[in-house]
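K.L.:
Below, the structure is given as structure tokens:
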């Protein structure tokens, strides 16, 4: 409902009300017998009832506008992605694959490593969890380039692999962001991800080129690295 419709409805309501205060009241010929008792129309129950009716109409129109606004917001579907950095590349992973973002832990190497991606194990609250290199899995350059003076906190992501949780160290975590699914759909159809391993698309975010990872393919690769 636009402003013009609102004004029209309010005007119709005003026409439906007997505005006796303009005819026989304080703004009219003052012939109303109730003026002797109330002195002014604003003290009369008829005037108060009319004002209440108009205010109720404004309230109802406001409710209608809010419901339309909510409907529009609900119609915009988003997907939550965790944004993080490996070397100079920013990546996004669906939060449904994420268990926790944890502080950096010591990684203990294992004899007879099963794959180049397997870094070893890390102690996560008393439990040993396999630690993998996403740099190796994704074929990235892991050399970090950090702006001088920037405060960067390396983290460990605990992700829900098919056989259990797995830890992956990352150079920086930006946070979790809700991305419009229409933007993600456009990124997946752009074709720029064709040569990138385990990637669904590439999109622009905060002035960066962000690589959106295919979590199913990535988790399958993680499982293969552990077996």
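In my numbering, the protein residues as written are 669 to 895.
Every residue gets a Cβ at the ideal spot worked out from N, C-alpha and C, and that includes glycine.
1. Could you spell out where the alpha helix (DSSP H) holding residue 854 opens and where it closes?
2. Along the alpha helix (DSSP H) that carries residue 889, what are the first and last residues, could you check?
3. Give the C-beta separation of residue 834 and residue 827 to the nearest angstrom, bearing in mind that I take them to be a contact with Cβ-Cβ under 8 Å.
4. Sort out for me which residues DSSP pairs residue 843 with in a bridge.
5. So if DSSP puts residue 877 in a beta bridge, which residue, or which two residues, is it bridged to?
6. Based on Cα-Cα distance, which residue from 781, 851, 883 and 846 lies nearest to residue 747?
7. Going by DSSP, what residues sit across from residue 693 in a beta bridge?
8. Would you call the CB atoms of residue 776 and residue 788 closer than 8 Å?
9. Taking 8 Å as the cut-off, decide whether the C-beta atoms of residue 894 and residue 831 are in contact.
10. Taking contact to mean 3 or more Cβ pairs, one atom from each stretch, closer than 8 Å, check whether the segment 867 to 882 and the segment 776 to 785 are in contact.
11. Looking only at its own chain, which residues have a Cβ that is under 6 Å from the Cβ of residue 886, when we skip the five neighbours before and after it?
12. Buried or exposed, going by whether 16 or more other CB atoms sit within 10 Å of the CB of residue 838?
13. Over the uninterrupted beta strand (DSSP E) stretch that includes residue 756, give me the two end residues.
14. Out of curiosity, what's the CA-to-CA distance linking residue 674 and residue 697?
15. When burial is assigned at 16 or more other CB atoms within 10 Å of the CB, is residue 868 buried or exposed?
16. Quick check on the burial criterion: 16 or more other C-beta atoms within 10 angstroms. Buried or exposed for residue 784?
17. What residues in its chain sit with their C-beta under 6 Å from that of residue 840, if we drop five residues either side in the sequence?
18. Quick check on residue 702: does DSSP put it in helix, strand or coil?
P.N.:
Here's the rundown:
1. 849 to 856
2. 883 to 894
3. 6 Å
4. 751
5. 872
6. 846
7. Looking at the DSSP assignment, residue 693 forms no beta bridge with any residue, so it has no partner.
8. yes
9. yes
10. no
11. 866
12. buried
13. Careful: residue 756 lies outside any beta strand (DSSP E) and carries neither H nor E.
14. Note that residue 674 has pLDDT 39, beneath the 50 cutoff, so the model's placement of it is unreliable and the number below is only indicative. Between residue 674 and residue 697, the C-alpha separation is close to 32 Å.
15. buried
16. exposed
17. 753 and 820
18. coil
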